[in-house]
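Novice: Quick mapping for you: the protein sequence lines, in order, are chains R and E.
Every position in the first sequence, counted from 1, becomes a number in this note's numbering once 1008 is added.
Every position in the second sequence, counted from 1, becomes a number in this note's numbering once 7 is added.
Each residue gets a CB set at the ideal place from its N, CA and C atoms; glycine is no exception.
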Amino acid sequence: MIELENVTKIYKLGQSVVHALDGINLQIQAGEIAAVMGPSGSGKSTLMAILGCLDVPTSGVYLLEGQPVENLSDNQLAQVRSRKVGFVFQQFNLLPRTNALENVMLPLLYDGVHGKARIEKAKAALETVGLADRIHHHPNQLSGGEQQRVAIARALVNNPTILLADEPTGNLDTKTGDEIIGLFQKLHEEHGQTVVYVTHDAFIARHTQRIIRLVDGKIISDEPVAHPLVAGTPRPEDDLKS
Amino acid sequence: MNIFESIRISFRALAANKLRSGLTMLGIIIGVAAVVALMSIGRGATRSVTSRVEGLGSNLISVSSARVVRQAGVGAQSTALYLSDYQAIAQDTNNVVGISPTYETSAQVAYGANQSQFSITGVTPEFASVQAYTIAQGRFITNGDNAAESRVVVLGSQAATDLFSGLNPLGRDITINGINFTVVGVLVSKGTTSFFSSDEIILIPIETGYSRLFGGRALVNGQRTLSSISLSAANSNVVNDVISQVEYILRRDHKLTLTETLPFSVSSQSQALSTLTSITTTLTIFLGAIAGISLFVGGIGIMNIMLVSVRERTREIGLRKAVGARRSVILMQFMVETITLSLVGGILGILLGAAIAGVVTLTGLITTYVSLDVILYSFFFAALVGLFFGIYPAFQAASLRPIEALRYE
């Protein structure tokens, strides 16, 4: 499904060179739900951008469904992003002054889905995330949790093989955050979506099957979660304090 | 993804951001309107100056005697210009719209106790049109006055003021060298030219002059002579041709060979023509500067608002790419948006500029002239600037990796 082999990503920031990713080897199977954890600057977001074809590695090999990504043209990458990847950002990244339905239709527009089919698919995606009654609301009329659910609907509207979420609950309160991870669990269980979920909330990470920890662009641990939490489990008291 | 889909995306984006679209369009409207209004005012000014200079008589040709040395040792002598020369020129030239013979002399003019020396000019009715004089009061000298050798006189505005100091001169009698003349008309002031005060003239019918005033000095070899003949050429392009025709007729009638120096001066109002040329040259440079500056300022305005509004949308471009838009699709969207804004803004700008020009005309300060070339120049310049600065930053943003565009602050 996803295979990374010795992937590096180097940024130049003025004079200094930043090794955002430093020899990553990783495999994620279809239908997995995995969490990526790590402190700020550990390379989590860079890894997600490469997985989502929003960026390309400096060196190394990335196979998405067995297909090497680094040799694809700009237009081929656009097609991969449109058909295979659904990306959920921390900042929601919805188009302002554009209603929920139109925001969700955006990937379909660029994939050449026309007319009724486009509207039906977008409505179905909004229904999946529980926003059937909010389709004509603009982002500024929606709460943070609702905006993120619109963004999730947009990510899954084209039925991608892989859902990538880069700290989707980072800008939300813990209660709303717990609802969002619950939504990803539901998508994973009911639709068999592959989900990679970045968070630095250990409680949220324990809702997944596998936790990959990054520090300084390297994977320092990659362990399965023995008993994934079910959405709705109350947070332990000490977790709320931290 | 077809072109209609792109157009729909663009229109949806324009409609979703009415304030931004409006402000961007305003930049183009003001740029175009400024150029159209300023250029229309400038063109209007050029036209009014040109027509005023033409009012001085730029097509005017004067024929008069010139003193030339005919034989070494004999000294200079002049050859008289005869009335018959006028008749020959009137008959044998073409491209001439008016011809006016004059005989000028100096005389003592008096109204009551008020008397002084004036230049008296004997004229025909053509004098008014050829010399571009208009009547302020009363009438001009007619063919009937000449036929009847009437003792009537038309005064230049300054001459009227000098003699009558504010009284209405019409119908009053003045004496010229002791002979009574009745004032039948007063001319509109032309202002002074560099040659002479054209408002101090006193005009009488030329026939009256020959029979009562000019005396024997006006006769040479028993023939009536003229001080000068003025011709009005049909337009400024034929002035030199008319001069050649007149010179030919004078040589023919005075039996001069081509090698002899012509004892007449046949000249156009070269002073007025060169004034016209220098004024229009100055105005053209001035207008060019205005156009250049207003296009530049308008262009900068359009550039600023385009750059800012497209830069502001770098994240939007990143997002559109992240959900699968190709670069070409994004460029198409921005191109359609920019073309729409430029077209609508350009047309509104032309209308606004023309309206400003119209209001300026209504105030009576200057008659503006809205010309098509100005409209086209400003419109295409604005559209080009708008397109370049609308599409170039969009092209840059669309060339970024989506993640870079999304991180753009």
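What residues in its chain sit with their C-beta under 6 angstroms from that of G51(E), if we drop five residues either side in the sequence?
Specialist: On the second sequence, position 44 is the one that residue 51(E) refers to. These residues qualify, in order along the chain: I373, T374, T375, Y376.
Novice: Using the three-state DSSP reduction, which class does E1231(R) fall into: helix, strand or coil?
Specialist: Here residue 1231(R) refers to the residue found at position 223 of the first sequence. Here E1231(R) sits in strand by DSSP.
Novice: Taking buried to mean at least 16 other C-beta atoms within 10 Å of its own C-beta, is V161(E) buried or exposed?
Specialist: Taking the first residue of the second sequence as 1, we reach residue 161(E) at position 154. Buried is the call here.
Novice: If you count every other CB in all the chains shown that lies within 10 Å of the CB of F202(E), and 16 or more means buried, which is it?
Specialist: Within the second sequence, residue 202(E) is the residue found at index 195, counting from 1. Legend: pLDDT at F202(E) = 46, less than 50; position of this residue unreliable, value from coordinates given subsequently. So F202(E) counts as exposed.
Novice: Does the beta carbon of G331(E) sit closer than 7 angstroms to a beta carbon anywhere in chain R?
Specialist: For the purposes of this step, residue 331(E) is taken as residue 324 along the second sequence, with counting starting at 1. For G331(E), the answer is yes, since a Cβ of chain R falls inside 7 angstroms of its Cβ.
Novice: Report the partner residues of V273(E) according to the DSSP bridge assignment.
Specialist: Looking up residue 273(E) in the second sequence gives position 266. Beta-bridge pairing links V273(E) to V70(E).
Novice: Using only alpha-carbon positions, find the residue among E133(E), F388(E), M339(E), T370(E) that is nearest to G356(E).
Specialist: Position 349 of the second sequence, counted from the first residue, corresponds to residue 356(E). Selected option, being the one with the closest Cα: F388(E).
Novice: Buried or exposed for G163(E), please, with buried defined as at least 16 other CB atoms from any protein chain shown within 10 angstroms of its CB.
Specialist: Taking the second sequence and counting its residues from 1, one reaches residue 163(E) at position 156. With 16 or more Cβ atoms within 10 Å of its Cβ, G163(E) is classed as buried.
Novice: Between V1137(R) and chain E, is there a C-beta pair that is closer than 7 angstroms?
Specialist: As a first step, residue 1137(R) is located in the first sequence; it is residue number 129 there, counting from the start. No - not a single Cβ of chain E is within 7 angstroms of the one on V1137(R).
Novice: Could you tell me how far apart the beta carbons of A412(E) and I300(E) are, in whole angstroms, since I believe they sit closer than 8 angstroms?
Specialist: Translated into positions along the second sequence, residue 412(E) becomes position 405. Translated into positions along the second sequence, residue 300(E) becomes position 293. Rounded, the Cβ-Cβ distance is 36 angstroms, inconsistent with contact.
Novice: To which residues does DSSP link T182(E) through a beta bridge?
Specialist: Here the question's residue 182(E) lines up with position 175 in the second sequence. According to DSSP, T182(E) bridges with A117(E), N187(E).
Novice: Select from the segment 12-37 of chain E all residues with a C-beta closer than 8 angstroms to any C-beta belonging to chain R, and list them in chain order.
Specialist: Those residues of the segment 12-37 of chain E that come within reach of chain R (Cβ to Cβ, closer than 8 angstroms) are E12, I16, R19, A23, N24.
Novice: Buried or exposed for F1196(R), going by 16 or more other Cβ atoms inside 10 Å?
Specialist: Translated into the one-based positions of the first sequence, residue 1196(R) becomes position 188. Here residue 1196(R) is His; the residue named in the question, Phe, does not match the sequence. Answer is buried; the Cβ neighbour count reaches 16.
Novice: Can you give me the Cβ contacts of P1065(R) inside the same chain, cut-off strictly under 6 angstroms, excluding the 5 residues immediately before and after it?
Specialist: Taking the first sequence and counting its residues from 1, one reaches residue 1065(R) at position 57. Correct list, in chain order: V1015, K1017, I1058.
Novice: Check whether the segment 23-43 of chain E touches the segment 325-343 of chain E, taking contact to mean three or more Cβ pairs, one atom from each stretch, closer than 8 angstroms.
Specialist: No contact exists between the segment 23-43 of chain E and the segment 325-343 of chain E.
Novice: Using a Cβ-Cβ cutoff of less than 6 angstroms, which residues in the same chain neighbour I297(E) once the five nearest sequence positions on both sides are dropped?
Specialist: Working through the second sequence from its first residue, we reach residue 297(E) at position 290. Here the set comprises L45, G49.
Novice: So which residues of chain E does N1167(R) contact, with C-beta pairs closer than 8 angstroms?
Specialist: Position 159 of the first sequence holds residue 1167(R). By Cβ distance, chain E contributes nothing, its closest Cβ being about 13 angstroms from N1167(R), past 8 angstroms.
Novice: Does any residue of chain R bring its CB to less than 7 angstroms from the CB of L407(E)?
Specialist: Along the second sequence, one-based indexing puts residue 407(E) at 400. No, L407(E) does not count as interfacial toward chain R.
Novice: Name the chain R residues that come within less than 7 angstroms of I410(E), Cβ to Cβ?
Specialist: Residue numbering aside, residue 410(E) sits at position 403 when the second sequence is read from its first letter. Neighbours of I410(E) on chain R, chain order: A1057, L1062, D1063.
Novice: Between which two residues does the beta strand (DSSP E) harbouring L326(E) extend?
Specialist: Taking the first residue of the second sequence as 1, we reach residue 326(E) at position 319. Careful: L326(E) lies outside any beta strand (DSSP E), inside the alpha helix (DSSP H) at 321-329.
Novice: Buried or exposed for Q122(E), going by 16 or more other Cβ atoms inside 10 Å?
Specialist: Here residue 122(E) refers to the residue found at position 115 of the second sequence. By the neighbour-count rule (16 or more Cβ atoms within 10 Å), Q122(E) is not buried but exposed.
Novice: Tell me, please, which residues DSSP counts as bridged to E1011(R).
Specialist: Counting from one through the first sequence, the residue named residue 1011(R) turns up at place 3. The partner list for E1011(R) (beta bridge, DSSP) reads Q1035(R), L1071(R).
Novice: What did DSSP end up calling E1175(R) once you bin it into helix, strand or coil?
Specialist: The residue labelled residue 1175(R) in the question sits at position 167 within the first sequence. Residue state, collapsed to three classes: coil.
Novice: Are the C-beta atoms of P1115(R) and some chain E residue less than 7 angstroms apart?
Specialist: Translated into positions along the first sequence, residue 1115(R) becomes position 107. Yes, P1115(R) counts as interfacial toward chain E.
Novice: Between which two residues does the beta strand (DSSP E) containing T1202(R) stretch?
Specialist: Against the first sequence, residue 1202(R) aligns to sequence position 194. That run of the beta strand (DSSP E) goes 1202-1206.
Novice: Taking the straight line between their C-alpha atoms, what separation do you get for L1071(R) and I1227(R)?
Specialist: Start at 1 with the first residue of the first sequence, and residue 1071(R) comes out as number 63. Start at 1 with the first residue of the first sequence, and residue 1227(R) comes out as number 219. Going from the Cα of L1071(R) to the Cα of I1227(R) covers about 18 angstroms.
Novice: Pairing CB atoms from the segment 1038-1045 of chain R with CB atoms from the segment 1211-1225 of chain R, are three or more of them under 8 angstroms?
Specialist: Touching, yes.
Novice: Could you pull the DSSP bridge partners for D1030(R) from this structure?
Specialist: On the first sequence, position 22 is the one that residue 1030(R) refers to. Paired residue(s): T1016(R).
Novice: Count the other C-beta atoms from every protein chain shown that fall within 10 angstroms of the C-beta of I186(E), then say buried if there are 16 or more, exposed otherwise.
Specialist: What you label residue 186(E) is simply residue 179 of the second sequence in a count that begins at 1. The residue is exposed, with fewer than 16 neighbouring Cβ atoms inside 10 Å.
Novice: Tell me whether T109(E) is buried or exposed, calling it buried when 16 or more other Cβ atoms sit within 10 Å of its Cβ.
Specialist: As a working mapping, residue 109(E) is identified with position 102 in the second sequence. Classification for T109(E): buried.
Novice: With T232(E) as the anchor, note down where its beta strand (DSSP E) starts and where it stops.
Specialist: Translated into positions along the second sequence, residue 232(E) becomes position 225. Element bounds for T232(E): 230-233.
Novice: In whole angstroms, give me the CA-to-CA distance for G1190(R) and V1165(R).
Specialist: Position 182 of the first sequence, counted from the first residue, corresponds to residue 1190(R). Position 157 of the first sequence, counted from the first residue, corresponds to residue 1165(R). Spanning the two alpha carbons is a distance of roughly 18 angstroms.
Novice: For A166(E) and L67(E), I'd like the C-alpha separation in whole angstroms.
Specialist: Translated into positions along the second sequence, residue 166(E) becomes position 159. Translated into positions along the second sequence, residue 67(E) becomes position 60. C-alpha separation (whole angstroms): 24 angstroms.
Novice: From I36(E) to T370(E), what does the alpha carbon distance come to, in whole angstroms?
Specialist: Here residue 36(E) refers to the residue found at position 29 of the second sequence. Here residue 370(E) refers to the residue found at position 363 of the second sequence. Rounded to the nearest angstrom, the two C-alpha atoms are 23 angstroms apart.
Novice: Am I right that Y118(E) and F188(E) are in contact with their C-beta atoms under 8 angstroms? What's the rounded C-beta distance?
Specialist: If you number the second sequence from 1, residue 118(E) lands on position 111. If you number the second sequence from 1, residue 188(E) lands on position 181. No, Y118(E) and F188(E) are not in contact; Cβ-Cβ is about 10 angstroms, not under 8 angstroms.
Novice: Let me confirm a value: L21(E) is counted as buried when at least 16 other C-beta atoms fall within 10 Å, else exposed. Which label applies?
Specialist: Within the second sequence, the letter at position 14 stands for residue 21(E). Buried.
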